[in-house]
Amino acid sequence: MTISTKGRYALRMMIDLAEHANNGYVSLKDIAERQNISKKYLEQIISAFKSTGILKTGRGAHGGYMLAKSPDKYTVGEILRVTEGSLSPVPCVEQDPPDCGRCAECATYPLWKGLSRVINNYLDSKTLQDLLDKQLELYENDYVI
Numbered sequence: 138m139t140i141s142t143k144g145r146y147a148l149r150m151m152i153d154l155a156e157h158a159n160n161g162y163v164s165l166k167d168i169a170e171r172q173n174i175s176k177k178y179l180e181q182i183i184s185a186f187k188s189t190g191i192l193k194t195g196r197g198a199h200g201g202y203m204l205a206k207s208p209d210k211y212t213v214g215e216i217l218r219v220t221e222g223s224l225s226p227v228p229c230v231e232q233d234p235p236d237c238g239r240c241a242e243c244a245t246y247p248l249w250k251g252l253s254r255v256i257n258n259y260l261d262s263k264t265l266q267d268l269l270d271k272q273l274e275l276y277e278n279d280y281v282i
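Just so we're aligned, residue 138 is where the sequence shown starts under the working numbering, counting upward by one.
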């Protein structure tokens, strides 16, 4: 399983929104500049989030985007599923029960099922707040004399 650029950039965008949550709505232009991501690409990412309720949107001169909840209420898994869809390593473990005629006699199915469980549990155990804390920690250690 590989997380796409879209998924990685979505996490960076969400960290940026969390970091600037006290500033009200944040424009995509500002996120694009800070994260060195094209505004066009961020527009594609935002479109995936529109119907999820994860973000609030504001129109007008002071419009933009903001988190709908506090950063500790979002899991990394939740964010990645918006952009990536399933996080399962193989298609046969995406459905329950599996849609595969060989599943009952497949020696590798339990392996893939276990791997999928580990991946999802790990990503669901990490929050946006965890990533924000790490980001802020990196800023603290980035000083010039």
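A virtual CB, placed ideally from N, CA and C, is assigned to each residue, including glycine. Since this is a predicted model, take the numbers as computed values, not measurements.
Item	Value
Just mark residue 255 as buried or exposed, buried being the case when its beta carbon has 16 or more other beta carbons within 10 Å.	exposed
Does the beta-carbon of residue 184 have 16 or more other beta-carbons within 10 angstroms, so that it is buried, or is it exposed?	exposed
Tell me whether the segment 193 to 207 and the segment 159 to 167 touch, counting them as touching only if at least three CB pairs, one residue from each stretch, are closer than 8 Å.	yes
From the DSSP output, in three-state form, read off residue 193 for me.	strand
Report the residue ranges of all beta strand (DSSP E) runs contained in full by the segment 169 to 230; include only those spanning at least 3 residues, in chain order.	192 to 195, 201 to 204
If I follow the unbroken alpha helix (DSSP H) through residue 257, where does it start and stop?	246 to 262
Taking residue 145 as part of the alpha helix (DSSP H), name the residues at either end of that continuous run.	142 to 156
Among 260, 232, 175, which has the Cα closest to the Cα of residue 250?	232
Ends of the alpha helix (DSSP H) at residue 270?	265 to 277
Could you tell me the distance, in whole angstroms, from the CA atom of residue 182 to the CA atom of residue 213?	15 Å
Report, in whole angstroms, the separation of the C-beta atoms of residue 191 and residue 148, which I expect to be a contact under 8 Å.	With a Cβ gap of about 12 Å, residue 191 and residue 148 do not count as contacting.
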